[in-house]
Amino acid sequence: MARQAEPRPAEADWVTRVQRLEAELAGLRKAMRTRGLIEQAKGLLAERYGCDPETAFGRLSAMSQQKNVSVVDLAADLVGATVPDTPEAQDPPVAAAAATPIDLPGQDAPGLRTVVGLDDDPARTLPQARARILRKTLAALDAAGDLPTLTDVLVTLGLGDPPGAAAAVFTAETDGAVRLLASHGWPAQVASEWQRSPSSLNTTIGAVVRTGRPLLLDGLQPHDFVLIGPGPARAVFPLSVDDQVVGALSLVWAQPREFTGPDLAFLDRLAAGAGRALRRLWSAADTGPANLPVWLATALDVLGGRGHLLTPVRADDGTVEDFVIAAAGPAVRASDGDTVGRLLLDVYPRLRVNGVFDAYVDLLTDDVPFARDGVVEDAVINGRPRRVILNRRAARVGDALLAAWERIDATVSNDARMARLETLSRSGWAEWDLQAGDAVWSPGLHGLVGREEAHGPTTLDKFASFFAPADRGLLRELLAGLAQGRPDLALLRLNTARGVVPVRVFAEADLAGDDIRLIRLVLHDVSEQHAAEDRWTRSETVAAARQIQLAAEQSLVSNLSRLLYPSRELVLHAPGAEVTGRHYAATAPRTQLRGDFCDAERLDDGSLLFVIGDAFGTGLVAAAAVVRLRFPVMTLGSAGTAPAEILRIVNGMLMGAPDGPLASLLIGHYRPEDRTLHWSSAGHLQPLLVRDGVAGVVDDPAGPLLGLLDGQRFDTHTLRLEPGDSFVSFTDGVLHKRKRDPLAEFATRVAGAYRKTGTAGLWELTPPERDDEACLLALEITAG
């Protein structure tokens, strides 16, 4: 495995060559950083000794050997560490710039400088070692070709390359945010995370951009700043152009440290030298919208509405392809998130469809005014498409646009809603400004008094003419009472094209001292309320009369009940048979008579005749139906008429009557001599036969209800009974109607009652509390 891990000769040769090339490249870079300094020292010696540059370099090398000092350090001592703490001192030396063999990209940025001032003694002398480091660093900065190289020089030469040290250059965005342009010493992930820091974060960079003054943190004292990147100690210097802060330079140490006076003087001179190099490199860097004045973004924040600062993105032929959102107002940031730096059509693609983008381009290119009021547009709000109504404005600011918009669909909708509510409630309001002489009426008031809106409101004096003459004095009294500062209420009458309309008038006033400044009136049409009150009064009168009528009917029905049902229980004996029955009155209060009845009679031949029925209707109608049914049935049965024939006769009688009711009826005729039961049913519930403890439904068909069909004939059913049998008939009041099969469920209960206590248990099946009438009748065959 060791042999396999060893590189082959060809691979080893490539590794060696790469390492050698990297070392040569590093040496070249180091030489290029100090070449300008050495060239300046050669020029000084050539001028002093009157020799050529090559001879001067030989003298410099000899002096280096004699003093045992490196050529670079000796050159730094000869040139001297000039303090570049003024804009003039930060200009690149002409000789050094001419001697620089590198073609630096971009053009100069006139006026760019570093704002220094950490040291309160600008004339402080630096120690020789610090002066050498500063001079070598300045020479390397003059040779830097880009911002990453500049930050590398600041850390490796200026700060001495301590562990964890870093340097970074930031640009100021127009919305107060800061963007990282270049850094050295921070991990790539840290640099990516802090690529852009919003103005809402209290960072040291943001504080320097806002105040325009340098800031020093030693990492030993507490503070409230959010630190960009690692390192507690740092020095931050503003970068300004004509007193406008456009960026910042940050130097960072990994550990807290105390800064001495020479430390502060060295940092001021180092930052000033970095500003001299940044002046040359700034225009070539991607500073983006930082070139726009910061006050434009500040204006958006102060206005507080929805607005953008837009910079154009141009094609090769100069046409505008899109806009970059350079800044956004607080309302836009709250609703749309952080869109700064993104393309306008990426964030709002519908602007190309609705013509806003083209209007922006025309404004930028031809300075065409742009203003749109009340335009309906399609928009995506909270992820859902909606139609909104907008007012849009835009103005050109140099090569940028300041655009603003306002949603008015809510206001328009609210106005429409208020107008609709006024129409529905038949109300309106008015205001009279007595000092200004102005009046404002709502649309609802115009409609209420019948005045066209085009004619506008009237004065307060003329407003009284809309009221009935008898009520105008009341209106004057109402307005006079406002001088005491109390609102008042009155019920007056309006003269309208629809006639006299009663209105409730609410009034209040704004007072300026003892004088009335403004009067407000609210009018509400109460004609519907008055009509409703009249209807309510009439309804109460009708209800009272109805209550009296119901009381009279209740008393009459109570008397009829006593006449119809003198006894609630029925017991009738015959040889070998017994008929028992019971009528259950409703126990719920104020329940009217329902017309359930049952009866039985022993005929002269010893047979038994029984009947059970249910008349449709309540109260007097039900009572009259019982009278019409019960007595004729018993009379015809006593005369020996068969049950089916009785039903035919009674049905014809009901059909012939003009107000004949509907009713169900079951008639039975039992002959003890042969224990035979003949029975007929007209729409009544099927009876039960209890035999040997089992209750079953007698499934013989029933005829139609009485009073339903004229000329109807009914069938007679015959049933032979055995000792112990019971024939049970009933009305629907004994059933549990909420059961799925009430009849089967009642049969089960009847069988259970017979098995326990016989016929006596049958009467316990109906609950003591009832909201309906019920009848239960049983023919029981005994052994005797």
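The sequence shown runs 17 to 800 under our numbering. Where a beta carbon is used, it is the ideal one built from N, C-alpha and C, also for glycine. All of these numbers come straight from a predicted model, not from anything done at the bench.
Next on the checklist: Determine whether the beta carbon atoms of A420 and R412 lie at a separation below 8 Å.
Outcome noted: no
Next on the checklist: If the criterion is Cβ atoms closer than 8 Å, does the pair L710 and A767 meet it?
Outcome noted: It should be pointed out that residue 710 corresponds to Val in this sequence rather than to Leu. Yes, Cβ-Cβ distance for V710 and A767 is below 8 Å.
Checklist entry - Where does E738 land, buried or exposed, given buried means 16+ other C-beta within 10 angstroms? => result exposed
Next on the checklist: In the DSSP assignment, the alpha helix (DSSP H) including N667 goes from what residue to what residue?
Outcome noted: P659 to G672
Checklist entry - When burial is assigned at 16 or more other CB atoms within 10 Å of the CB, is A763 buried or exposed? => result buried
Next on the checklist: So for E820, helix, strand or coil by DSSP?
Outcome noted: For residue 820 there is no data in the structure shown, the boundaries of the chain being 17 and 800.
Item to check | Separation of A604 from E689, as counted between CA atoms | outcome: 44 Å
Checklist entry - Taking the DSSP output, what are the residues bridged to G74? => result The partner list for G74 (beta bridge, DSSP) is empty, contrary to what the question assumes.
Item to check | Touching by the beta-carbon criterion (3+ pairs, under 8 Å), the stretch 642-658 and the stretch 621-630 | outcome: Touching, yes, given that three or more Cβ pairs across the two stretches are closer than 8 Å.
Checklist entry - How about I683 and D741: are their beta carbons less than 8 Å apart? => result No.
Next on the checklist: In this structure, how does DSSP classify H471 when only helix, strand and coil are distinguished?
Outcome noted: helix
Item to check | Contact belief for A270 with L170 at Cβ below 8 Å, rounded distance in angstroms | outcome: Going by Cβ atoms, the distance from A270 to L170 rounds to 15 Å, so no, they are not a contact pair.
Next on the checklist: Which same chain residues end up closer than 6 Å to D382 when comparing Cβ atoms and leaving out the 5 residues on each side of it in sequence?
Outcome noted: none
Item to check | Euclidean distance between Cα positions of L494 and A523 | outcome: Take the alpha-carbon of L494 and the one of A523: they are about 8 Å apart.
Checklist entry - Applying the criterion that 16 or more other CB atoms from any shown protein chain within 10 Å of the CB defines a buried residue, is W210 buried or exposed? => result buried
Next on the checklist: Could you give the first and the last residue of the continuous alpha helix (DSSP H) run that contains V649?
Outcome noted: G635 to S654
Next on the checklist: I need the boundaries of the beta strand (DSSP E) containing T732, first residue and last residue.
Outcome noted: Careful: T732 lies outside any beta strand (DSSP E) and carries neither H nor E.
Next on the checklist: Rounded to the nearest angstrom, what separates G812 and V519 at their Cα positions?
Outcome noted: The structure shown does not extend to residue 812, since the chain is modelled only from 17 to 800, so the question has no answer here.
Checklist entry - Which term fits G466, buried or exposed, when burial requires 16 or more other beta carbons within 10 angstroms of its beta carbon? => result Label assigned to G466: exposed.
Next on the checklist: Between which two residues does the alpha helix (DSSP H) holding Y376 run?
Outcome noted: V372 to D382
Checklist entry - Can you name, in chain order, every residue of its own chain whose Cβ lies under 7 Å from the Cβ of L175, other than the five neighbours on each side? => result A181 and L267
Checklist entry - So what does DSSP say about I628, is it helix, strand or coil? => result strand
Checklist entry - Does DSSP classify D162 as helix, strand or coil? => result Shown here, D162 sits in coil according to DSSP, grouped into three states, outside any helix or strand.
Checklist entry - Do the CB positions of G333 and R366 come within less than 8 Å of each other? => result Reading off the sequence, residue 333 comes out as Asp, not Gly. No, they are not a contact pair.
Checklist entry - Between which two residues does the beta strand (DSSP E) carrying L324 extend? => result The sequence given here has His at residue 324, not Leu. Run containing H324: R322 to R330, per the beta strand (DSSP E) assignment.
Checklist entry - So the beta strand (DSSP E) F339 belongs to, where does it begin and stop? => result V336 to A344 is the extent of the beta strand (DSSP E) around F339.
Next on the checklist: Here's a check: name, in chain order, each residue in its chain whose Cβ is nearer than 6 Å to the Cβ of D119, leaving out the five neighbours to either side.
Outcome noted: For D119, the predicted structure reports a pLDDT of 33, less than 50, and the residue's modelled location is therefore unreliable. A value from the coordinates is still provided. Answer for D119: no residue qualifies.
Item to check | R736 burial status per 10 Å Cβ neighbour count (16 or more: buried) | outcome: exposed
Item to check | Beta-carbon proximity of G10 to D731, cut-off 8 Å | outcome: The requested residue 10 is not part of the displayed model; the chain covers only 17 to 800.
Item to check | Cut-off 8 Å between Cβ atoms - residues of its own chain near E104, not counting five sequence neighbours on either side | outcome: With a pLDDT of only 44 at E104, under the threshold of 50, the placement of this residue in the model should not be trusted, and no figure is reported.
Checklist entry - CB-CB under 6 Å to E785, same chain, minus the five flanking residues each way: which ones, in chain order? => result T603
Next on the checklist: Would you call the stretch 188-208 in contact with the stretch 328-346, where contact means no fewer than 3 C-beta pairs closer than 8 Å?
Outcome noted: yes
Checklist entry - Just to confirm, are P214 and A193 a CB contact at a threshold of 8 Å? => result yes
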